[in-house]
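Just so you know, the protein sequences line up as chains R and H, in that order. The opening residue of the first sequence carries number 1 in our numbering; numbering runs sequentially from there. The opening residue of the second sequence carries number 1 in our numbering; numbering runs sequentially from there.
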Amino acid sequence: MKSVIGLEIHAQLLTETKAFCACKIDVNAKPNTNICPVCTGQPGALPVLNEKVVEFAIKSGLALNCEIHQRSSFDRKNYFYPDLPKGYQITQYFHPIATEGYINLDSGKKVRIRRIHIEEDAGKMIHSTENITESKESLIDFNRCGVPLIEIVTEPDMEEPLEAKEFMEKLRDILRTIDVCSGNMEEGALRCDANVSVIDDNGRSSSRVEVKNINSFRYVQYALEYEIDRISKSLKEGKDVKHETRGWDFVTRTTVSLRSKEEENDYRYFPEPDLPILEVSKDLIEQVKKTLPELPDQKAERYVKTFGISDYNAKIISKDRDLANYFESTISAGVDPKDGANWIVNDLLSLFNADSAEFDPGKVSVDALKILIDYTNSSKISRLSAKEVMSEVYKSGRNPADIIKERNLIQVSDEESLIPIIKKVIEGNPAVVDQYRKGKTSVVGFFVGNVMKETKGKADPKAVGELVKKVLDGKV
Amino acid sequence: MEITDELVEHLERLSKLKLREEEIEKMKKDMKEILEYMKLLDEVDVEGYSPLFTPIEDPMRLRKDEPVTEDPSKILELVPRLKGDFISVPSIYAK
């Protein structure tokens, strides 16, 4: 069995105003306040395209290796639904602004992008009761109606649910890096519909199923795994599945039938007569190209080459622009890049992950991280204490040096203080010393442990270990 | 194009309308007449002309991304039913 997966992704663009009218975009606004005759489809109102939308669409196309078309046009996609007051969505059906791009997955596999086009979002529907099928009314907020979107359509180049998830994560990282979309799937700023079919071992293909309402990166994987399993089982029984649209239900972690192909809409696309051809000059494309920042993959490559950090760390750090800037600041502050990368990936990020929070450079400042790394490298504090202090800095934002002082975490590593304690421990355990003399060198750990106990954990275990051996060997 | 019962049913579904028996017959008659009338267009020789998609001859003018606040009250006055700040419509799930 082999699966074939293609994705259709909608990304909300981070413009100030809507696509075809000057209404403000503000997710926190009171419902139905940012509306006007254009986005509520009043007779005679005419759409005027936002120049930022064009710029962002070009920028996205360039970042996704697409060909940008100097001439593209708009069409009407017709359907009746309460969230769409005009009765049609303005989109680019016949001549999209960008085509033929790709994203490379970490395996080196290329996932081709068929097209990117500009369109507008619909209003938001809210259902009055817990159980939507029982509610007598639906409530609508048109603030979202007309918010600009780009739709990105891939070729069916993915074979594994994990590839689809990786594609979505890479796409999010790119769109965030170029500042055109927040990339937040949970809030609906980035949405994914997946098309999937399964080919059995005899080369027979199932019908294609579309899965909608996938609202997190994990669910891209889970929804596809569920669906592929469902289709494969059906094929094994010698039956095909229905060609239909299904919805991911994150509560039951299953997909449910939304509508069969016979009930599908017939969108009757036709050219939008209210908008002339969209022409973009070569100059504009070049100008936008110049604003493109370094993309995550390019950044990762540079980090490996210039700073010698691991491929793994480089990929994680370069995903998020804030994190990458933070990493580069630690290097400017004098931290060894490999140390910096390890501390960021292993320690700092796990604090954010534990909270399911996004990285925030304000939580543990570059200076704070540098203090922790410096103190640890010079054995002033143990690695374990450093972790504990970082967690405290993360929570309270306090200066790590103060916390170290307050908690008395400075390790004792100087010989003058340690040797008397070591001698005392050794003299108190003659039987163990005997074992050492007979060649059982592992008992050094026993002495180290006792010295740590004597010093209430404040001694530097590495220094103690070395000194214990010196004392036992009579070198001190 | 032939106007069949199936076509009318399809259009009912797309437009979310439910026609009564006598309305279906009237609709079929009206649609036949409209399409018959539109056949006039077939008489025009369009050989050598490219399709016209918009009567607007100027190139697309773009708008700066600057918000303008409009008073939504006039639009909301046109709404049949409000519930709080929301517009209320019959449930989309109601059978």
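Backbone N, C-alpha and C fix where the C-beta goes; we use that ideal spot for every residue, glycine too. Remember, predicted model here, so these are calculated numbers, not experimental data.
Looking at the secondary structure, which residues open and close the alpha helix (DSSP H) in which residue i lies?
i: K2(R); result: Run containing K2(R): none in the alpha helix (DSSP H); it sits in the beta strand (DSSP E), 2-12.
i: Y303(R); result: Y303(R) -> no alpha helix (DSSP H), and no H or E assigned at all.
i: N88(R); result: Here residue 88(R) is Tyr; the residue named in the question, Asn, does not match the sequence. It is not in any alpha helix (DSSP H) - Y88(R) instead sits in the beta strand (DSSP E) that spans 88-91.
i: K453(R); result: 444-454
i: K59(R); result: 51-63
i: D141(R); result: No alpha helix (DSSP H) contains D141(R), which is instead part of the beta strand (DSSP E) from 137-141.
i: D402(R); result: 400-406
i: R13(H); result: 5-14
Contact defined as beta carbons within less than 8 Å: I believe residue i pairs with residue j. What is the distance between those atoms, to the nearest angstrom?
i: T15(R); j: K59(R); result: Wrong, their Cβ atoms sit about 12 Å apart, outside the cutoff.
i: I92(H); j: I35(R); result: Contact flag wrong, Cβ pair sits at about 20 Å.
i: V366(R); j: P156(R); result: Not quite, the Cβ-Cβ distance comes to about 44 Å (not below 8 Å), so this is no contact.
i: E178(R); j: P96(R); result: This sequence places Ile at residue 178(R); Glu is not what is there. Not quite, the Cβ-Cβ distance comes to about 19 Å (not below 8 Å), so this is no contact.
i: V433(R); j: L384(R); result: In fact, because the Cβ distance is near 29 Å, the residues do not count as touching under 8 Å.
i: S425(R); j: K458(R); result: The sequence shown places Val at residue 425(R), rather than the Ser named in the question. Not a contact, Cβ separation roughly 15 Å.
Measure the C-alpha to C-alpha separation of residue i and residue j and round it to an integer number of angstroms.
i: K95(H); j: R20(H); result: The pLDDT assigned to K95(H) is 48, lower than 50, so where the model puts this residue is not dependable, and the model offers no usable value.
i: A333(R); j: E388(R); result: 22 Å
i: Y37(H); j: R63(H); result: 40 Å
i: D494(R); j: G146(R); result: With chain R represented from 1 up to 476, any question about residue 494(R) goes unanswered, as that position is not in the structure.
i: R172(R); j: I317(R); result: 15 Å
i: E120(R); j: N50(R); result: 11 Å
i: V444(R); j: V111(R); result: 56 Å
i: D315(R); j: G101(R); result: Sequence check: residue 315(R) is Lys here, not Asp. Cα to Cα, K315(R) sits roughly 22 Å from G101(R).
i: K423(R); j: K405(R); result: 28 Å
i: H69(R); j: P148(R); result: 19 Å
i: G340(R); j: I373(R); result: 8 Å
i: L139(R); j: K338(R); result: 54 Å
i: P43(R); j: M185(R); result: 34 Å
i: L78(H); j: H10(H); result: 30 Å
i: P161(R); j: V220(R); result: 7 Å
i: K462(R); j: K438(R); result: 24 Å
i: D320(R); j: D297(R); result: 11 Å
i: I279(R); j: E225(R); result: Ile is not the amino acid found at residue 279(R); the sequence shown has Glu there. So the two alpha carbons sit approximately 42 Å from each other.
i: A300(R); j: T330(R); result: 16 Å
i: S118(H); j: C21(R); result: This structure cannot speak to residue 118(H), because chain H is shown only from 1 to 95.
Mind listing the chain H neighbours of residue i? Cutoff is C-beta to C-beta under 8 Å, in chain order.
i: R48(R); result: The question names Arg, but residue 48(R) in the sequence shown is Val. Under the 8 Å cutoff, chain H gives R61, L62, R63.
i: F80(R); result: L14, S15, K16
i: K109(R); result: Those within 8 Å of K109(R) in chain H number zero; the least Cβ separation is about 37 Å.
i: S378(R); result: Within 8 Å Cβ-Cβ: nothing; S378(R) doesn't reach chain H, min ~52 Å.
Name the chain H residues whose beta carbon is nearer than 7 Å to that of residue i?
i: K52(R); result: D65
i: E388(R); result: Within chain H, no residue comes near E388(R); the closest Cβ sits about 48 Å away, beyond 7 Å.
i: E279(R); result: P59, M60
i: K305(R); result: None at all; the shortest Cβ gap to chain H is about 38 Å.
i: S60(R); result: Those do not exist, as S60(R) stays about 16 Å from chain H at its closest Cβ, beyond 7 Å.
Going by the beta-carbon positions, is the gap between residue i and residue j smaller than 7 Å?
i: L323(R); j: F352(R); result: no
i: G6(R); j: N195(R); result: yes
i: P400(R); j: I371(R); result: yes
i: L175(R); j: A11(R); result: yes
i: D141(R); j: K165(R); result: no
i: E244(R); j: S257(R); result: yes
i: K24(R); j: D85(H); result: no
i: V489(R); j: S207(R); result: Residue numbering for chain R in the displayed model covers 1 to 476; residue 489(R) lies beyond these limits and cannot be assessed.
i: N313(R); j: V364(R); result: no
i: D75(R); j: P271(R); result: yes
i: E55(R); j: T99(R); result: no
i: V209(R); j: R246(R); result: yes
i: P361(R); j: Y326(R); result: yes
Would you kindly report the start and end of the unbroken beta strand (DSSP E) that includes residue i?
i: F86(H); result: 86-90
i: Y81(R); result: Premise fails: Y81(R) is in no beta strand (DSSP E) and is neither H nor E.
i: Y229(R); result: What sits at residue 229(R) in the sequence shown is Asp, not Tyr. Careful: D229(R) lies outside any beta strand (DSSP E), inside the alpha helix (DSSP H) at 217-236.
i: I285(R); result: It is not in any beta strand (DSSP E) - I285(R) instead sits in the alpha helix (DSSP H) that spans 282-291.
i: P148(R); result: 148-154
i: S207(R); result: Here S207(R) belongs to no beta strand (DSSP E), and DSSP marks it neither H nor E.
i: N104(R); result: 98-104
i: G247(R); result: 244-249
i: D193(R); result: 190-199
i: H127(R); result: 124-127
i: I178(R); result: Premise fails: I178(R) is in no beta strand (DSSP E) and is neither H nor E.
Given that residue i touches chain R, what residues does it touch there, using C-beta distances under 7 Å?
i: V102(H); result: Residue 102(H) cannot be examined here, being either before or after the span of chain H that is shown, 1 to 95.
If the cut is a Cβ gap below 8 Å, which residues of chain R does residue i touch?
i: L41(H); result: Correct list: empty, because the minimum Cβ distance to chain R is about 15 Å.
Starting from the beta carbon of residue i, find every residue of chain R whose beta carbon is closer than 9 Å, and list them in chain order.
i: I56(H); result: P273, D274, L275, P276
i: V68(H); result: T17, C21, A22, C23, K24, C36
Within 7 Å of any Cβ in chain A, is that where the Cβ of residue i sits?
i: I92(H); result: You won't find chain A in this structure, because its protein chains are R and H.
Is the closest heavy atom of the ligand HEM to the C-beta of residue i under 6 Å?
i: G362(R); result: No copy of the ligand HEM occurs in the structure displayed, which carries no ligand at all.
Under 9 Å Cβ-Cβ, which residues of chain H neighbour residue i?
i: P161(R); result: Neighbours of P161(R) on chain H: none; closest Cβ ~30 Å, over 9 Å.
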